[in-house]
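J.: Got a structure for you, questions after.
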Amino acid sequence: MAILENAFRRRDLHDPSIISFIFGNTWMAPLWLIARLYLGYQWLLSGWGKVYGDSRWIAVDGQDGQSLRSFWERAVTVEGGRGQIRYDWYRDFLQFMIDHEWYTWMAWVIALGEVAVGLGLIVGLFTGIAALAGATMNFNFLLAGSASTNPVMFIIAVLVLLGWKVAGWIGLDRWVLPLLGTPWQPGPALTEPLSRAPLHRREPSPG
Amino acid sequence: MEKALVLLLGVAAWVGVAALALFVVEYWGDDNQVLAFIPILVAVVIAWAIGEAVTQRVFTPQEEGE
Numbered sequence: 080m081a082i083l084e085n086a087f088r089r090r091d092l093h094d095p096s097i098i099s100f101i102f103g104n105t106w107m108a109p110l111w112l113i114a115r116l117y118l119g120y121q122w123l124l125s126g127w128g129k130v131y132g133d134s135r136w137i138a139v140d141g142q143d144g145q146s147l148r149s150f151w152e153r154a155v156t157v158e159g160g161r162g163q164i165r166y167d168w169y170r171d172f173l174q175f176m177i178d179h180e181w182y183t184w185m186a187w188v189i190a191l192g193e194v195a196v197g198l199g200l201i202v203g204l205f206t207g208i209a210a211l212a213g214a215t216m217n218f219n220f221l222l223a224g225s226a227s228t229n230p231v232m233f234i235i236a237v238l239v240l241l242g243w244k245v246a247g248w249i250g251l252d253r254w255v256l257p258l259l260g261t262p263w264q265p266g267p268a269l270t271e272p273l274s275r276a277p278l279h280r281r282e283p284s285p286g
Numbered sequence: 015m016e017k018a019l020v021l022l023l024g025v026a027a028w029v030g031v032a033a034l035a036l037f038v039v040e041y042w043g044d045d046n047q048v049l050a051f052i053p054i055l056v057a058v059v060i061a062w063a064i065g066e067a068v069t070q071r072v073f074t075p076q077e078e079g080e
């Protein structure tokens with residue numbers, strides 16, 4: 080019992096200063112901006128083609144999501160005892176979605192989600208959440224056996240996610256995050272009455 | 015009134031960035047991603063400068079620990 084108490088006694092382990100600097104210092108914001116814009120453009124490019132244009136996934140004549148259905152069907156196909164998907168549970172999951180025609184609405188989720196992630200990263204709004212959503216989509220594409228740009232985008236998304244505090248500093252997060260705060264520390268927009276303007280008017284400094 | 019105008023300007027600047035990004039994607043697409051990157055980066059810098067130079071004079075975001 081004493082061993083457990085000693086092992087799990089509360090300790091605060093601090094990051095090395097270089098890690099704190101990279102992921103938490105606003106001087107690094109320009110670097111994160113470049114990463115964010117690259118990632119955002121890739122998602123916007125990918126998502127916009129699914130939302131608008133001749134090869135779009137949604138709002139088409141007939142049933143939506145036929146392209147997604149084809150992608151899933153290719154992914155679950157097993158030829159010669161070997162398929163694109165290495166995990167049986169993920170193949171079963173895709174097969175379940177095909178059988179229940181989930182591609183009709185998942186096409187909307189993916190297409191609009193990619194556009195939202197792209198725009199969120201470009202304007203720096205909820206950058207951490209956008210990066211997490213992007214990484215989740217990359218992860219699913221990778222599980223389905225589609226490599227393409229997904230590994231690189233996944234790595235960049237994870238880095239942006241780790242740098243969420245400063246990644247959107249040159250962006251809307253500079254204004255929105257202090258207003259809304261975090262789930263563990265709500266900001267003035269959620270804790271103060273509307274009459275007390277959550278965006279504080281700057282008082283002129285004396286002298 | 016001043017606050018509303020400044021807030022509107024700040025929001026418009028970032029909506030403009032999003033609109034420009036969509037425009038670039040639609041008309042430039044995948045042809046030259048480096049060239050496509052430049053107008054978006056310029057738009058972001060302009061929107062950021064508006065935030066720092068104009069919006070910040072009327073509104074100031076709370077700093078950590080404030």
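From first to last, the protein sequence lines are chains A and B. Be aware that the first sequence starts at 80, since it is given in our numbering, and climbs by one per residue. Be aware that the second sequence starts at 15, since it is given in our numbering, and climbs by one per residue. Beta carbons: idealized from backbone N, C-alpha and C, even for Gly. These numbers come from a predicted model, not from an experiment.
Does any CB atom of chain A fall closer than 8 Å to the CB of V56/B?
T.: So no, V56/B is outside the interface.
J.: Among residues of its own chain, excluding the 5 on either side of F102/A, which ones have a beta-carbon nearer than 6 Å to its beta-carbon?
T.: Contacts found: L241 and G242.
J.: Jot down the residue ranges of each uninterrupted alpha helix (DSSP H) in the stretch 164 to 252 of chain A, minimum 4 residues, whole runs only, in chain order.
T.: Segments of the alpha helix (DSSP H) lying fully in the stretch 164 to 252 of chain A: 167 to 178, 182 to 202, 206 to 222, 229 to 241 and 243 to 246.
J.: Beta-carbon within less than 6 Å of D143/A's beta-carbon, same chain only, minus the 5 sequence neighbours each way: which residues are those?
T.: Excluding residues within five positions, the ones whose Cβ falls inside 6 Å are I137, T183 and A186.
J.: Going by C-alpha to C-alpha distance, which of E84/A, D178/A, T206/A and R170/A sits closest to G370/A?
T.: The question about residue 370/A has no answer, for chain A in this structure spans 80 to 286.
J.: Return helix, strand or coil for Q264/A, following the three-state DSSP convention.
T.: It is a strand residue.
J.: How big is the Cα-Cα spacing for L110/A and A209/A?
T.: Distance between the alpha carbons of L110/A and A209/A is about 17 Å.
J.: Beta carbon of G193/A, beta carbon of M176/A: below 8 Å?
T.: The sequence as given places Glu at residue 193/A; Gly does not occur at that position. No, they are not a contact pair.
J.: Assess contact between the stretch 146 to 165 of chain A and the stretch 223 to 240 of chain A, defined as three or more Cβ pairs (one per stretch) separated by less than 8 Å. Is contact present?
T.: Yes, since at least three Cβ pairs between the stretch 146 to 165 of chain A and the stretch 223 to 240 of chain A fall closer than 8 Å, the two stretches touch.
J.: My assumption, with CB atoms under 8 Å, is that L112/A sits in contact with I249/A. Please give the rounded CB distance.
T.: About 5 Å separates the two Cβ atoms, so the contact holds.
J.: By a C-beta neighbour count over all protein chains shown, 10 Å radius and 16 as the cutoff for buried, is Q121/A buried or exposed?
T.: The residue is buried, with at least 16 neighbouring Cβ atoms inside 10 Å.
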